[in-house]
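Heads up: the sequence shown begins at 1 in UniProt numbering, then just goes up one per residue.
Note that CB positions come from ideal geometry on N, CA and C, so glycine has one too.
Here is the structure we will look at.
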Amino acid sequence: MASAARVLIIDDSPTILKVVSAILARNGYEPTTARDGVAGLELIRKGPKFDLVLLDFVMPRMNGYQFCRELRSDATHRTLPVVLMSAKGDKIRGTFVQQTGAVDAITKPFDARALVTVVEGALAKTAEGRSPRPVPEGQKMPEEEPLPAESMRPSMHIRHARQRASVEFAQQVANAVVPAILAISPQDRASEAAVMAAVARAMTPDILATLSLTVKDLDPGDGVREAMSGDLSVVALAEILQVLGMQRQTGVLHVTNNRTSITISMRQGQIDFVQSRGATEEYRLGRYFLEKGALTRDQLDALLADLRGSNKLLGEEVVARGIVTREELVDILTKQSSELIYDMLRWPYGRFSFTKEPFRPEADMAKLTLGVSALVLEGFRRVDEWRLMEGTIHFDQVLVIDQFALEGLSPGQLARPERLVLDAVNGQRTVSEVVKESTVGSFDAVKIIYQFLQSRVLRTR
């Protein structure tokens with residue numbers, strides 16, 4: 001049996017190194033990593049022999065071009081095949097591939113399939129002796145052309161997270177307070193008591209809860225240590241989760257985009273709890289109690305009012321009052337955490353940071369131990385279904401129940417989510433309004449509507 005091809009990955013991003021290594025290992029290759037060109041050359045010269053180099057082009061200390069010039073000047077290793085990796089694919093492919101004698105180039109972001117295809121192609125070309133271009137001599141390579149500044153990879157550090165949290169905190173306070181102050185009369189604005197009363201009314205429990213989470217991000221604490229970070233447009237969230245799962249990592253994965261911040265607490269490679277800030281109402285815990293039928297809207301509002309100003313958690317209070325059992329709460333939290341993951345898998349952009357830090361009390365209490373692989377597979381399945389349904393459903397059309405078709409269904413055939421969706425259809429609401437009114441999660445609600453449209457129980461007008 002032929003031995004596995006040895007691939008050297010050179011990149012200054014720990015995340016890229018971990019993700020690419022995991023992909024190659026899963027596909028039968030033997031990956032080795034280096035943090036920059038200098039370390040990469042040391043590994044090549046020390047041996048054993050590598051079959052291919054995957055080389056990032058933008059690195060400190062020794063960049064990709066400098067690495068290739070040194071490699072091509074070494075008589076022993078100058079013919080070692082190289083594949084260039086960069087977010088600036090056109091620039092790399094058009095200029096530097098020729099100058100460095102690289103076999104190929106791949107543009108970030110890339111998925112696992114594209115990476116494996118490029119590696120297989122590069123190894124095949126080398127084995128067959130059909131390199132697409134001659135290997136230059138290092139001394140004769142032209143002076144390097146600088147890459148544009150925008151190709152430099154932004155790094156995410158704890159201090160940057162604090163700066164973003166500071167801006168976010170100020171914006172959240174302003175968004176809550178300014179409208180409240182503007183709502184009072186000009187005369188009252190001259191009164192300190194009136195302004196203070198307006199501000200106090202604006203500080204609702206939801207606003208205070210959001211601000212408290214942001215304050216925690218302002219000072220993560222001395223025990224916080226960042227292990228890796230990066231850009232979701234370069235490395236997909238699914239790959240990050242799979243790497244953390246396979247390596248049985250314990251820590252907190254912070255994921256953000258322009259609107260939402262998600263915190264994923266992981267223990268030994270499994271997900272203990274997922275929390276959100278800035279997510280839509282669909283992902284609030286109370287909505288799940290409404291969907292289950294454990295609470296009515298009035299009961300939920302009354303319970304939230306009782307908890308206002310206290311440190312009690314909604315889920316724990318619902319269990320303490322005997323409204324749901326501990327097992328039912330775990331099921332609800334599992335569904336909430338899972339659906340947040342499914343939603344994030346659809347994000348086209350964002351930032352992530354995996355840190356070694358103590359878990360928040362909610363995560364320590366939940367300990368859901370959700371498997372990463374199952375979540376990712378289900379998330380991708382939902383993405384495919386979303387595309388199918390969104391291509392056939394017009395969300396601004398009004399839904400109408402076909403009573404004749406509905407009468408053909410026995411009451412026992414309808415699950416609670418299906419009844420909730422049908423109850424929300426009044427002949428005046430659009431698809432989007434029915435989804436929101438039903439208290440069913442958007443994916444499940446749209447899927448139910450899609451199935452009812454197919455079976456003619458619902459029709460549009």
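CB-CB length for residue i against residue j, believed under 8 Å
i	j	result
G379	L232	The pair is not a contact, with the Cβ atoms about 14 Å apart (cut-off 8 Å).
V199	T15	V199 to T15, Cβ: 42 Å. No contact.
Q275	T263	5 Å
I23	A122	No, I23 and A122 are not in contact; Cβ-Cβ is about 15 Å, not under 8 Å.
L8	A34	7 Å
L340	Y283	6 Å
L345	A238	6 Å
R429	V398	7 Å
A227	G245	Wrong, their Cβ atoms sit about 15 Å apart, outside the cutoff.
V83	D104	5 Å
I393	I449	7 Å
A253	F352	Note that residue 253 corresponds to Leu in the displayed sequence, not to Ala. 6 Å between Cβ atoms; contact.
Buried versus exposed, by CB contacts within 10 Å (16 or more), residue i
i	result
R72	buried
F67	buried
P31	buried
residue 462	In this structure the chain extends from 1 to 461, so residue 462 is not present and cannot be described.
A190	exposed
D11	buried
T325	exposed
D343	buried
M152	Low confidence applies to M152: its pLDDT is 39, below 50, so where it sits in the model is not reliable, and the reading given next is rough at best. By the 10 Å Cβ count, M152 comes out exposed.
Q171	exposed
F404	exposed
P81	buried
T76	exposed
L458	buried
D272	buried
L182	exposed
A305	exposed
Reference residue i, options the options, closest by Cα
i	options	result
R287	L458, D12, L420, E137	L420
V435	E407, D396, Q336	D396
N311	A102, D331, E437, E362	E362
N258	P348, G64, T392, I401	P348
R328	R346, D343, K292, G309	Here residue 328 turns out to be Glu, not Arg, going by the sequence shown. That would be K292, whose Cα lies nearest to the Cα of E328.
S3	K49, A374, E226, V38	K49
V173	Q187, A202, I184	A202
V119	M85, Q98, F96	M85
A415	A374, F452, L253	F452
Q268	N27, S438, T369	T369
R277	D301, I271, A294, S337	S337
A176	A197, L422, T204	T204
R40	R26, Y65, Y29, N27	Per the sequence presented here, residue 40 reads as Gly, with Arg not at that position. Looking at the Cα atoms, Y65 is the closest of the given residues.
Q98	R69, G47, L406	R69
V319	T460, D74, F289	F289
S21	A102, S185, V243	V243
T296	R381, R321, T439, K108	T439
N426	I401, L241, I323	I401
M59	T117, S13, L241	S13
K335	V116, G441, G47	G441
Rounded C-alpha distance that separates residue i from residue j
i	j	result
E192	L307	29 Å
S265	F359	7 Å
R6	K18	16 Å
P154	R456	Summary for P154: the model assigns pLDDT 40, below 50, so the residue's position carries little reliability; its value from the coordinates is reported in the next sentence. If I take the Cα positions, the gap works out to 52 Å.
R45	L388	52 Å
G315	F110	40 Å
V372	L211	30 Å
V446	A124	46 Å
D444	D298	24 Å
E128	T355	45 Å
V330	M365	10 Å
N63	Q247	29 Å
R61	G37	7 Å
T126	E137	18 Å
L377	A180	45 Å
R225	F57	27 Å
E281	F96	49 Å
residue 463	G230	Residue 463 falls outside the range modelled here, since the chain spans only 1 to 461, and no answer is possible.
G408	A197	57 Å
V178	Q187	16 Å
Q454	Q413	16 Å
P148	N27	Low confidence applies here, because P148 scores a pLDDT of 43, under 50, leaving its location unreliable; read the following figure in that light. Computed Cα separation, rounded: 34 Å.
R78	A374	44 Å
Q249	T256	20 Å
E433	R461	15 Å
S166	I184	28 Å
Any non-hydrogen atom of the ligand ADP within 7 Å of residue i CB
i	result
M59	Although the ligand ADP was asked about, the structure shown includes no ligands whatsoever.
May I have a chain-ordered list of the alpha helix (DSSP H) segments no shorter than 4 residues that lie completely inside the stretch 55–127? Complete alpha helix (DSSP H) runs here, min 4: 64–72, 97–100, 112–127.
Any chance you could list the beta strand (DSSP E) runs of at least 3 consecutive residues sitting entirely within the stretch 236–265, in chain order? Residue ranges of uninterrupted beta strand (DSSP E) with 3 or more members, entirely inside the stretch 236–265 and ordered along the chain, are 251–256.
What beta strand (DSSP E) runs, 3 residues minimum, are completely inside the stretch 394–443? Those beta strand (DSSP E) runs which fall completely within the stretch 394–443 and span 3+ residues are 399–401.
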